[in-house]
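If you're matching positions, the sequence shown starts at 1 in UniProt numbering and goes up one per residue.
Notes follow the structure.
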Amino acid sequence: MSVEIYSDFLCPWCYIGHRKLEKAHAALPSVRRVAIVWRSYQLDPDASTLPTQTAAQAMRGWYPEPGEAEARLERIVSAGRDEGLHIDLERALPVNTFDAHRVSHLAKSQALSEPLNELVFRAYHVEGLNIADHEVLIAIAGEAGLNREEVKSLLATDEFSDSVRADIGRAAKLGIRGVPTLVTEKGERFSATQEHSTLVALLDTAHAGVAQL
């Protein structure tokens with residue numbers, strides 16, 4: 001049995017959901033665990049590869065009402081803190097994530113999705129790195145266990161571009177408009193930011209092949 005998770009590296013809730021899902025999966029007995037398949041999603045497919053503002057600055061533009069943006073920022077930071085994450089949206093630099101997703105697909109082909117995705121999330125949300133920069137991606141991939149020369153070659157081509165587009169197209173067909181979204185083999189969709197006990201039950205239910213939540 002498996003579940004898919006649609007996610008974008010720019011999304012702080014995806015980083016939080018990634019950590020929640022990791023903990024929920026680890027809480028299950030090994031015989032009850034399911035395969036978690038990472039799928040690409042882009043919140044802003046037209047974004048530049050060069051940052052122009054921080055995520056916090058962008059949010060203040062989206063929510064101009066007094067106090068609204070700050071409240072939303074604090075909610076994200078607090079939710080991250082609850083999961084042991086030090087999200088810093090004053091440093092995070094929104095950019096195009098297409099190439100990061102291509103590297104993630106390479107990692108998936110080598111059973112390295114978890115370490116690669118964790119490091120990309122951290123680079124963006126904690127360290128304030130430009131995750132569209134090829135040198136940054138090569139360094140992250142090397143730290144995750146991928147061959148740096150292989151990643152460099154990938155980024156010089158369009159390798160795995162079709163895989164990223166296929167994930168995005170599949171998300172559209174499923175009606176996914178927000179992430180992080182979990183999808184079971186039966187097609188049920190759930191947020192990955194739910195409470196620990198709910199996620200554990202969802203994964204256990206997915207393993208049993210029935211959807212009761």
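For every residue, glycine included, the Cβ atom is placed at its ideal position computed from N, Cα and C.
Under the DSSP assignment, serine 163 falls in the alpha helix (DSSP H) whose first and last residues are 161-174. In this structure the stretch 116-124 does not touch the stretch 157-176; the number of beta carbon pairs closer than 8 angstroms is below three. Just measuring C-alpha positions, the residue of Trp13, Arg39, His134 and Gly142 sitting nearest leucine 174 is Arg39. Within the model, the alpha-carbon separation for aspartate 46 versus threonine 97 is close to 10 angstroms.
Contact check for valine 103 against leucine 85 fails: the beta carbons are separated by 8 angstroms or more. In the three-state reduction of the DSSP assignment, arginine 33 falls in the coil class, being assigned neither a helical nor a strand state. Following the DSSP letters along the chain, one finds tyrosine 6 inside the beta strand (DSSP E) bounded by residues 2-7.
Glycine 80 and proline 12 do touch by the CB rule: their CB atoms are close to 7 angstroms apart, below 8 angstroms. Between the stretch 181-191 and the stretch 123-136 there are fewer than three C-beta pairs closer than 8 angstroms, too few to call the two in contact.
Between leucine 106 and leucine 112, the alpha-carbon positions lie close to 8 angstroms from each other. Per DSSP, arginine 81 lies in no beta strand (DSSP E); the unbroken alpha helix (DSSP H) holding it starts and ends at 68-82.
Following the DSSP letters along the chain, one finds leucine 182 inside the beta strand (DSSP E) bounded by residues 181-184.
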